[in-house]
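Notes for the one structure printed next.
Numbering (the numbering used here), first residue to last: -11 to 654.
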C-alpha cells in the first residue's frame, strides 16, 4: 500500500474514534489533586519522570477524577503515563484499567494519540473463522488446561523453570495441540500478575495481558489462530482477590475488604474484593454502588469484545462467596458475547471445591431462581476416577456398593462424597460438569500427575525404588542404574493405564478436560508437594520421544477425536450392560461395561461401547453379552498389546489387561 493511502486510511480510522475513549476516570477519594504524568515513548533515551509533563484531572466531587486526553492537544504517537496524588511525585500509581503496559523503573499504562484523540490500533479479525470452520458447542468440547509458563522449560541440565510466553505457545505448540483434536484451550490466568514465573493466580492489572507473556497483539493473534482451527479459548480469571492492584492504593476501602469483614474468605496473599457491602456509603441508598462488582463486570465485557474470549473459568468460586455477583458476571459476559458474536457458543465455569452442582441449575435456592454458572469443575470425578483406576475404591456393607459408585462416576447424576461416605446431588446435563483426572493443582496427595500416581505405587511393589518424585523421573527418563528390561514392564503398564484413564474420561458423561503434558505421559521434575515448586515445573514435551510415550499420544488423539465427533458422547444417556458378579467383593473382579446409547434403544448402530477392567486381574479372553443389533464393532484408542476382539453371536470376546479400558463404536 502506498504511503499516501496508508496515511489516508489512518486519518479515516482516527476520525471514526468516539470521543469517550479519550476519557480517563480514576477513583481517588482521599486525594485533593490528581495529576497524570506522561511522556512520549520516543523519549526513553532521556528517561526522567520528574521532568515529564503533568496534567491535572478534574475532580467530580465524589471521589472520582477525570481527564479527557483529547483536550491536551498532543501530537500523534505513543505515550506512557501514571498518576500523581497530592504532589507525591515519588509515589506514582499506574492506571488500574491500563489496556497495555510498559515497564522501566515501574509499571505504567500506554496510550496512543491519533488526530488529537486516544487511538486503539485496529486488529484484523476478518480471517478469524474461515469458511467451513465453526467453534464447537459446549457439549462437544474437550478442554486442554494450559499453564502458559509451562510451555517452555529450561535447557538440559539446568534447573527447571517455566519460561513460556505467547510466542512459544503460538509457534512451538499450537499446531501440536490442534493435532490432538483438542477444540478448547483453558488458559491459566494471562492477565498481568506480579507472580512472574508461576501460574498468575494474583492479578495486578485486569485489562491487559501479562507484560512478561507478550503484547495484546500477541494474545489476540493466538486467539485468532485458535479460532481459525476451530479451537475455543477460555480465560481463567481471578476475582476473589488481587495482588498489587493500583486500586489498592487509589481507593482501597471502595474495592477491597479485610478478612475480618467477610469471615471465611481466604485472600491468598492478596486483597479481597469487596462484594457484600456497597461503597462509598450514601444516605440515598439508590446511589450506592458495588464498585468491585462493576469493575469485574467491565473487565469481563472488555475481554469478550476486545479479545474474542469464548468463556471464563472462575478461580476460587467458594472464596468469592457471593452467588448473586457471579450470576450477574455470567449474565453480562454472556450478553456481551451474544451481542458481539451472535450464534457463537459461550461458557462460564466455576472452580468450586465445595462441589455444589446446584450452582449449575435453575433452583429456588439460587439468586433469582436461576443457574449461577454454566458448569463447575467436577472434583468428585477426579477423586473417584483415581480411586477406581488404582483399585482404591473401598466400600463398606452399609454404604452404596462399588458398582453404584462406578455408575454414578460414569453417568454423573450423583457425586460421591468421601468424607460423609454418601452420594450428593449430581448433574442433569453433561455441560454442567467439567470432568478431569489431573489439573494444574498438583500439590496434595491424589492431585499429582496421573503417571506419578501410578508409578509411585508400581515401583515400590516391584522393588524398583521408593516411588518418589526423583525415582519416578529417573525411571521415566531411563537414567536408573538397572537394565532396561527391569523397568520396562512397569513403564509399559503405567503408560497403558494412563491411556485407559483417557478412555474413561472421554466416554463418561461430562465435558472432559486434561492438563497439558498428560497426553505425552509427563511426570513431575520438581517436588509437587511444595506449593512454590509445583508452579515452576514446566511440561517436558520431549518425553513424547521416549519409548511408549508416542503411542500414548496416539491413543489420546484417537479418544479425543471420538469424543468430539460421535453424537452419542455429546448427549447424556448411558446404560450399563455388564458387570462381573464379584465386582462388589473386596477381592473381586472389577470388570464392567456401559453403552452411550445416543438416546436410542440399546442395540442400534451408532452407539459407543466401553469395556473396563478396573482391577489387577488379567484376561486373555473375557466374554460379555452384547445386543444382536450391532452389525459391526470398531475399536478406538486401541491398547498397544491388545488382542483383536472376536464376536460370536451375542458375545464379544476380548483380552483385558489390568486396569485396561477398551472403547468401541457400533
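Note that the Cβ used here is the ideal one computed from N, Cα and C, for glycine as well.
Sequence-distant Cβ neighbours of residue 65 in its own chain, meaning closer than 8 Å and more than five residues away, are 28, 29, 30, 100 and 101.
A distance below 8 Å separates the beta carbons of residue 602 and residue 578. Rounded to the nearest whole angstrom, the CA to CA distance from residue 67 to residue 26 is 7 Å. Taking a contact to require three or more Cβ pairs closer than 8 Å, the region 534 to 552 and the region 384 to 400 do not qualify as touching. When the beta-carbon positions are compared, residue 505 and residue 527 come within less than 8 Å of each other. Every unbroken stretch of the beta strand (DSSP E) spanning 3 or more residues and falling wholly within the region 11 to 69 is given here in chain order: 11 to 15, 22 to 28, 41 to 44 and 52 to 56.
Per the C-alpha coordinates, the member of 342, 339, 303 and 299 positioned closest to residue 323 is 299. Taking C-beta separations shorter than 6 Å and ignoring five residues to either side along the sequence, the partners of residue 139 in its chain run 152, 156, 157 and 161, following chain order. With a cut-off of 8 Å on Cβ pairs, the region 305 to 322 is not in contact with the region 376 to 387, counting fewer than three such pairs. Assignment of beta strand (DSSP E) within the region 399 to 428, counting only whole runs of 3 or more residues, yields 402 to 405, 410 to 413 and 421 to 423 in chain order. Of the candidates 303, 34, 444 and 181, 444 places its Cα closest to the Cα of residue 512. Cβ neighbours of residue 627 within its own chain (closer than 8 Å, five residues either side excluded): 484, 487, 488, 543, 645, 648 and 650. Ranked by how close their Cα comes to the Cα of residue 210, the residues 188, 241 and 175 have 175 in first place. Counting the other CB atoms within 10 Å of its CB gives residue 92 a total below 16, which places it among the exposed residues.
One Cα belongs to residue 419, the other to residue 270, and the distance between them is close to 42 Å. The DSSP assignment places no complete beta strand (DSSP E) segment of no fewer than 3 residues inside the region 261 to 287.
For residue 513, no alpha helix (DSSP H) segment is defined, and its DSSP state is neither H nor E. Residue burial is scored here from C-beta neighbours: residue 495 has at least 16 other C-beta atoms within 10 angstroms and is therefore classed as buried. The C-beta of residue 88 has 16 or more other C-beta atoms within 10 Å across all chains shown, which makes the residue buried.
Contact annotation, residue 590 with residue 565: C-beta distance approximately 7 Å; criterion of less than 8 Å satisfied. Residue 84 and residue 233 have their C-alpha atoms some 7 Å from each other.
For residue 579, the secondary structure class from DSSP, reduced to helix, strand or coil, is strand. DSSP places residue 564 within a strand segment (E or B) once states are collapsed to three. In this structure residue 517 is in contact with residue 431, their Cβ atoms being roughly 6 Å apart against a cut-off of 8 Å. Here residue 174 carries a strand assignment [DSSP, helix/strand/coil]. The Cβ-Cβ distance between residue 482 and residue 457 does not fall below 8 Å. Its Cα nearest to that of residue 325, the residue 296 stands out among 252, 339, 296 and 351.
If you draw a straight line from the Cα of residue 78 to the Cα of residue 502, it comes to about 47 Å. With fewer than 16 other Cβ atoms from the protein chains shown falling within 10 Å of its own Cβ, residue 449 counts as exposed. Around the beta carbon of residue 629, a 10 Å sphere encloses fewer than 16 other beta carbons of the protein chains shown; the residue is thus reported as exposed. The DSSP-derived three-state label of residue 319 is helix.
Under DSSP, residue 611 takes part in a beta bridge, and its partners are 641. A Cβ-Cβ distance of about 4 Å is found for the pair residue 625 and residue 546, placing them in contact under the 8 Å criterion. Under the rule that a run must span 3 or more residues, the beta strand (DSSP E) segments found entirely inside the region 291 to 364 read 299 to 303 and 335 to 338. Rounded to whole angstroms, the separation of the alpha carbons of residue 328 and residue 256 is 35 Å. Taking the CA atoms as reference points, residue 360 sits about 10 Å from residue 310.
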